[in-house]
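Student:
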Amino acid sequence: MGLQAEWGKDMALVSGMVETVHGIPVFRGFLDADEQRSLLSDLRDIARAAPPFSPITGWGKPMSVRITAAGRFCWYSDRRGYRYIEAHPATGQAFPPIPALALRAWHEFETRADPDCCLINHYREGARMGLHQDRDEADFSFPVVSISLGDPALFRIGGLERGDPTRSLWLYSGDVMVLSGENRLRFHGIDRIKAGESALLKDGGRLNLTLRRVGEM
Ligand SMILES: O=C(O)CCC(=O)C(=O)O
Ligand SMILES: [Mn+2]
Numbered sequence: 001m002g003l004q005a006e007w008g009k010d011m012a013l014v015s016g017m018v019e020t021v022h023g024i025p026v027f028r029g030f031l032d033a034d035e036q037r038s039l040l041s042d043l044r045d046i047a048r049a050a051p052p053f054s055p056i057t058g059w060g061k062p063m064s065v066r067i068t069a070a071g072r073f074c075w076y077s078d079r080r081g082y083r084y085i086e087a088h089p090a091t092g093q094a095f096p097p098i099p100a101l102a103l104r105a106w107h108e109f110e111t112r113a114d115p116d117c118c119l120i121n122h123y124r125e126g127a128r129m130g131l132h133q134d135r136d137e138a139d140f141s142f143p144v145v146s147i148s149l150g151d152p153a154l155f156r157i158g159g160l161e162r163g164d165p166t167r168s169l170w171l172y173s174g175d176v177m178v179l180s181g182e183n184r185l186r187f188h189g190i191d192r193i194k195a196g197e198s199a200l201l202k203d204g205g206r207l208n209l210t211l212r213r214v215g216e217m
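Letter 145 of the sequence shown, counting from 1, is numbered 145 in my numbering, and no numbers are missing.
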């Protein structure tokens, strides 16, 4: 029950076009062109204070995606495994605050608490992200709110088991996607980006922000 009714309420709050793709709500063009540029400028400041890095997978290979974060937590991986960290691995400093526009997106869908992590992924041409679940957070009743900027990405979404059938959809600059309720723990990943489609990022590529609530309330 709840889910349907709640989405009805939330969707009414959000302007722009809502597409439900394979049961996942995608708010197309949630951020307009000015908002995308403004968020990007905040992200540049964050990248200066907390330089993006390529986490090492359990296999000892660097990921093709470069990562940094805003907020208290950043996802991290090295040979010891993956976890959330609270200090930048190179600078030892805390991560910068979450940009206001990203917080605004979160609050359209979740009002119980602020996110404590805004993970920022940078995909250059050829970068991808393998199928995984987001399950290192304390409370799965909080959504993961995803914002896309720059080149389009082919997002793959499956079920609750790794081997479940998957479907794919394109995420475009300004789109916001919400993984919540029964969708929260679905396996998902990025197969590829379509490089050179968007002029938003000076050197091309794609940024993805995921707002999460990592810690206990
Ligand atoms: O880049 C995306 O759209 C997805 C990123 C993702 O799944 C993650 O960072 O956990
Ligand atoms: Mn994920």
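Ideal placement from N, C-alpha and C gives every residue a C-beta, glycine not left out. Quantities reported herein were computed from a predicted structural model and do not represent experimental measurements.
Taking all protein chains shown into account, decide if R212 is buried (16 or more other Cβ within 10 angstroms of its Cβ) or exposed.
Tutor: Taking the first residue of the sequence shown as 1, we reach residue 212 at position 212. By the 10 Å Cβ count, R212 comes out buried.
Student: Just to be sure I understand the criterion: a residue counts if its Cβ is closer than 6 Å to at least one heavy atom of ligand 2. Which residues meet that?
Tutor: Residues with a Cβ closer than 6 Å to any heavy atom of ligand 2, in chain order: H132, D134 and H188.
Student: Does the count of Cβ pairs from the segment 51-68 and the segment 15-28 closer than 8 Å reach three?
Tutor: With the cut-off at 8 Å, the segment 51-68 and the segment 15-28 do not touch.
Student: Is I190 near ligand 1, in the sense that its beta carbon is under 7 Å from a heavy atom of that ligand?
Tutor: Your numbering for residue 190 matches position 190 in the sequence shown. It does: the Cβ of I190 is within 7 Å (strictly closer) of some heavy atom of ligand 1.
Student: I need the DSSP call for W106, collapsed to helix, strand or coil.
Tutor: Counting from 1 along the sequence shown, the entry for residue 106 is found at position 106. The answer is helix: DSSP assigns W106 an H, G or I state.
Student: Which of the three DSSP states is assigned to A138 in this structure?
Tutor: Here residue 138 refers to the residue found at position 138 when the sequence shown is read from its first residue. Reduced to three states, the DSSP call for A138 is coil.
Student: Could you check where the beta strand (DSSP E) with I24 kicks off and where it finishes?
Tutor: Position 24 of the sequence shown holds residue 24. I24 -> beta strand (DSSP E) spans I24 to R28.
Student: Where do the N-terminal and C-terminal ends of the alpha helix (DSSP H) with D34 fall, by residue?
Tutor: The residue you call residue 34 lines up with position 34 of the sequence shown. It spans A33 to A49 - the alpha helix (DSSP H) in which D34 sits, taken as one unbroken run.
Student: Under the three-state reduction of DSSP, which class applies to E19: helix, strand or coil?
Tutor: Here residue 19 refers to the residue found at position 19 of the sequence shown. Correct three-state label for E19: strand.
Student: Return the Cβ separation of F187 and R167 in integer angstroms, given the expectation that the two are a contact with Cβ distance under 8 Å.
Tutor: Locating residue 187 in the sequence shown gives position 187, where the first residue counts as 1. Locating residue 167 in the sequence shown gives position 167, where the first residue counts as 1. About 11 Å separates the two Cβ atoms, so there is no contact after all.
Student: Thinking C-beta only, is S64 closer than 8 Å to G126?
Tutor: As a working mapping, residue 126 is identified with position 126 in the sequence shown. As a working mapping, residue 64 is identified with position 64 in the sequence shown. Closer than 8 Å, so yes.
Student: Which residue from G71, P152, L160 and I147 puts its Cα closest to that of F30?
Tutor: Against the sequence shown, residue 30 aligns to sequence position 30. If we check each option's Cα against that of F30, I147 comes out closest.
Student: I'd like to confirm the pairing. Which residues does DSSP put opposite Y84 in its beta bridges?
Tutor: In the sequence shown, counting from the first residue as 1, residue 84 sits at position 84. Answer is W75.
Student: For L101, name the three-state secondary structure that DSSP assigns.
Tutor: Here residue 101 refers to the residue found at position 101 when the sequence shown is read from its first residue. Residue state, collapsed to three classes: helix.
Student: For M129, report the span of its beta strand (DSSP E) as first-last.
Tutor: Sequence index remark: in the sequence shown, residue 129 carries index 129 (1-based). Residues M129 to H132.
Student: Please state if the CB of A49 and the CB of I120 are separated by a distance shorter than 8 Å.
Tutor: Taking the sequence shown and counting its residues from 1, one reaches residue 120 at position 120. Taking the sequence shown and counting its residues from 1, one reaches residue 49 at position 49. The answer is no: Cβ separation not under 8 Å.
Student: DSSP three-state call for G181: helix, strand or coil?
Tutor: The sequence position of residue 181 within the sequence shown is 181, counting from 1. Helix, per DSSP.
Student: Would you say the segment 201-211 touches the segment 90-108, given that touching needs at least three Cβ pairs under 8 Å?
Tutor: With a cut-off of 8 Å, the segment 90-108 and the segment 201-211 count as touching, because enough Cβ pairs lie within range.
Student: Quick check on R72: buried or exposed, where buried means 16 or more other Cβ atoms within 10 Å of its Cβ?
Tutor: Taking the sequence shown and counting its residues from 1, one reaches residue 72 at position 72. Result: buried.
Student: Over what stretch of residues does the beta strand (DSSP E) that includes F155 continue unbroken?
Tutor: As a first step, residue 155 is located in the sequence shown; it is residue number 155 there, counting from the start. Per DSSP, F155 belongs to the beta strand (DSSP E) from A153 to I157.
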